[in-house]
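Participant: Quick note on full-length UniProt numbering: the sequence shown kicks off at 1 and runs consecutively. A virtual CB, placed ideally from N, CA and C, is assigned to each residue, including glycine. Please read these numbers as outputs of a predicted model, since none were measured by experiment.
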Amino acid sequence: MSITITPAANERMRHFLAGAPASAGVRFGVRRSGCSGFAYVVGLANAVGEGERLVEVDGLPLIVDDKSLALVDGTVIDFQRQGLNASFVFHNPNATGECGCGESFTVG
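Structure below.
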């Protein structure tokens, strides 16, 4: 499995982890949602659960559930600021389409 985290995203994730020192890492995966089928999930994880894997990406602990592995393999996670807005941006080679608002994506 290959996931890349840009320096901007790495810095942002480390900022969140510093504020929650008991966290086991950053959880990254997908869930069924939106008009295109899947939406990304990013958040702090207190522990590595059953059916999840802990991978280290550039020194950052990333927790990915087994069901999401094939859908996020090859994804580049970036963090961008545009005006007053700031968000994680995902460049996923597995995505074959996105909804108009960019909140969900399709595979296959």
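Look at serine 104 and glycine 37 and say whether their C-beta atoms are less than 8 Å apart.
Facilitator: For the purposes of this step, residue 104 is identified with residue 104 of the sequence shown, where counting begins at 1. For the purposes of this step, residue 37 is identified with residue 37 of the sequence shown, where counting begins at 1. Cβ distance < 8 Å, so serine 104 and glycine 37 count as in contact.
Participant: Measure from the alpha carbon of serine 68 to the alpha carbon of each residue in Arg53, Phe79, Leu60, Asp78, then state which is nearest.
Facilitator: Indexing the sequence shown from 1 puts residue 68 at position 68. It is Arg53 whose Cα lies nearest to the Cα of serine 68.
Participant: What residue range is occupied by the uninterrupted alpha helix (DSSP H) comprising leucine 54?
Facilitator: Reading the sequence shown from its first residue, position 54 is the one you call residue 54. Leucine 54 -> not in any alpha helix (DSSP H); beta strand (DSSP E) instead, spanning 52 to 57.
Participant: Note down the Cα distance separating glutamate 50 from isoleucine 63, rounded to an integer number of angstroms.
Facilitator: Position 50 of the sequence shown, counting from 1, holds the residue named residue 50. Position 63 of the sequence shown, counting from 1, holds the residue named residue 63. One C-alpha to the other measures close to 11 Å.
Participant: Just mark aspartate 65 as buried or exposed, buried being the case when its beta carbon has 16 or more other beta carbons within 10 Å.
Facilitator: In the sequence shown, residue 65 corresponds to position 65, counting from 1. Under this definition aspartate 65 is a buried residue.
Participant: With DSSP collapsed to three states, give me the class of alanine 20.
Facilitator: In the sequence shown, the residue the question calls residue 20 occupies position 20. Correct three-state label for alanine 20: coil.
Participant: Return the CA-CA distance between phenylalanine 57 and threonine 75, expressed in angstroms with no decimal places.
Facilitator: As a working mapping, residue 57 is identified with position 57 in the sequence shown. As a working mapping, residue 75 is identified with position 75 in the sequence shown. Contrary to the premise, residue 57 reads as valine rather than phenylalanine in this sequence. In a straight line, the C-alpha of valine 57 is about 12 Å away from that of threonine 75.
Participant: Buried or exposed: leucine 16, going by 16 or more other Cβ atoms within 10 Å of its Cβ?
Facilitator: Start at 1 with the first residue of the sequence shown, and residue 16 comes out as number 16. It is phenylalanine, not leucine, that sits at residue 16 in the sequence shown. With fewer than 16 other Cβ atoms within 10 Å, it is exposed.
Participant: Which class does asparagine 85 belong to by DSSP, given the choice of helix, strand or coil?
Facilitator: Start at 1 with the first residue of the sequence shown, and residue 85 comes out as number 85. Residue state, collapsed to three classes: strand.
Participant: Could you pull out every residue in the same chain whose Cβ sits closer than 6 Å to the Cβ of phenylalanine 28, ignoring the five residues on either side in sequence?
Facilitator: As a working note, residue 28 is residue 28 in the sequence shown. Here the set comprises Val42, Leu62, Val64.
Participant: Report the residue from Val107, Phe90, Val89, Ala9 whose alpha carbon sits nearest the alpha carbon of glycine 97.
Facilitator: Taking the sequence shown and counting its residues from 1, the one referred to as residue 97 is at position 97. It is Val107 whose Cα lies nearest to the Cα of glycine 97.
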